[in-house]
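Protein chains in written order, with the working numbering: chain A, 9 to 140; chain B, 33 to 183.
Backbone N, C-alpha and C define an ideal beta-carbon position, used for all residues, glycine too.
This structure is a prediction, so every number in the text was calculated from the model and none was measured.
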Amino acid sequence: MNATAALSAPDFGQTSLPRSVGSHTPVALEDWEAEQWSQAAQRLREFWTLQRDWDGAGAEAPAPDALLATAKYLQNLYYTEGSVPPTALSPTPLGTLVLEWRICDDYLEAEIAGANEIVWMQRDPDGSYRVL
Amino acid sequence: MAARDPPAQLGGTEADPVARDEYLLRRIHYRSYEERPRHQFQRGGFSPSPDDKDGLSVFRELFCSVRELVRAARKPPTEYYVVRLRARDLLDAGFTLVPNPQPSPVPPGHTLIPEITCDMPRAERSPREATLTEVANDPQRSQIAWRRQAL
């Protein structure tokens, strides 16, 4: 898949694509929820344009495999009943992408390097971080 | 964060050990800063670059001003944030601060955090980056010294 095709694929932030519950009854998105999905989709599209040294400190460009895997993961998540959109989506200088969920003191993240390379990490109650 | 303490080592050199009451600066690209739903540095801002084999770079404010740091970057100053961290908070979080003076064009006061390198296994590195990010996002332990909107 080339970059342009992948760019148009993950339009999971569109509220015109209703999510559904088991009976396929459409579920309306809350405003904040729709905004966060939309923001995640927009960020992901922007990340396709990042090139090597995007941070001026020698960062790798996001790997195409990581971008595609993130798009697929977000799309699946969007259509999963009761799912919560990530509170942040950001690139790392090593070419991976990080999805974050920060809710009060809880923290969960998925670092995606490719289709089968997702590393989860959470913040434990004692304040330490642990890879799952 | 309380008002800044006076410099700890007036007259010192870049190679001197970092004192606990010193301040350190780290330049963060805006792609690693989230404005919504709340202002937060992202872990990517504390991840090493492919060349960071010896540690993550920070700069001692005793030797390098905020403006000097953003102007030394390869991208325009409008693309960066700079976070100011206290040495003691990093030391208390388990990090080491190793003075690593470099010739120009690297700004003065270059210092390494050797606990975070690009060659380290992700399972070992990521929790450390997250700990550092948490310090940077704690207003009791950090300040945003430069905002990309500043220019």
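Residue range 96-99 is occupied by the beta strand (DSSP E) that includes residue 99 of chain A. By the neighbour-count definition (other C-beta atoms within 10 Å, threshold 16), residue 112 of chain A is an exposed residue. The continuous alpha helix (DSSP H) containing residue 55 of chain A extends over residues 39-55. Counting C-beta atoms within 10 angstroms of its own C-beta, residue 84 of chain B has 16 or more neighbours from the protein chains shown and is therefore classed as buried.
Only those residues of the stretch 80-92 of chain B whose C-beta falls short of 7 Å from the nearest C-beta of chain A are listed: 80, 81, 82, 83. Counting only runs of 3 or more residues that sit fully inside the stretch 57-137 of chain A, the beta strand (DSSP E) segments are 96-99, 105-111, 114-122, 125-131, in chain order. DSSP, read as helix, strand or coil, puts residue 154 of chain B in helix. Those residues of the stretch 74-98 of chain A placed with their C-beta closer than 8 Å to a C-beta in chain B are 95, 96, 98, ordered along the chain. The three-state reading of DSSP puts residue 59 of chain B in strand, counting E and B together. Taking the beta carbon of residue 159 of chain B as reference, the chain A residues within 8 Å of it are 129, 136, 137, 138, 139, listed in sequence order. Between residue 174 of chain B and residue 88 of chain B, the gap from beta carbon to beta carbon reaches 8 Å or more. DSSP, reduced to helix, strand and coil, places residue 64 of chain B within a helical segment of the structure shown.
Look at residue 74 of chain B here: in three-state DSSP terms it is coil, with no helix or strand label. According to the DSSP assignment, residue 98 of chain B belongs to the alpha helix (DSSP H) that extends over 98-103.
Sequence-distant partners of residue 50 of chain B (beyond 5 residues in either direction) whose C-beta falls short of 7 Å from its own C-beta, in its chain, are 92, 119, 129, 131, 143. Around the beta carbon of residue 106 of chain B, a 10 Å sphere encloses fewer than 16 other beta carbons of the protein chains shown; the residue is thus reported as exposed.
A residue is called buried when at least 16 other Cβ atoms come within 10 angstroms of its Cβ; residue 51 of chain A meets this threshold and is buried. Just so you know, the alpha carbons of residue 88 of chain A and residue 81 of chain A end up roughly 11 Å apart. Residue 134 of chain B carries a coil assignment under DSSP once its states are collapsed to helix, strand and coil.
Per the C-alpha coordinates, the member of B/58, B/181, B/71, B/78 positioned closest to residue 163 of chain B is B/78. In the three-state DSSP reduction, residue 175 of chain B falls in the strand class (E or B).
Residue 88 of chain B sits in a strand when the DSSP states are folded into three classes.
One finds 137 in chain A with Cβ atoms closer than 7 Å to the Cβ of residue 163 of chain B, taken in chain order.
DSSP places residue 143 of chain B within a strand segment (E or B) once states are collapsed to three. Taken through DSSP and simplified to helix, strand or coil, residue 116 of chain B comes out as strand.
Rounded to the nearest angstrom, the Cβ distance from residue 76 of chain B to residue 101 of chain A is 7 Å, consistent with a contact under 8 Å.
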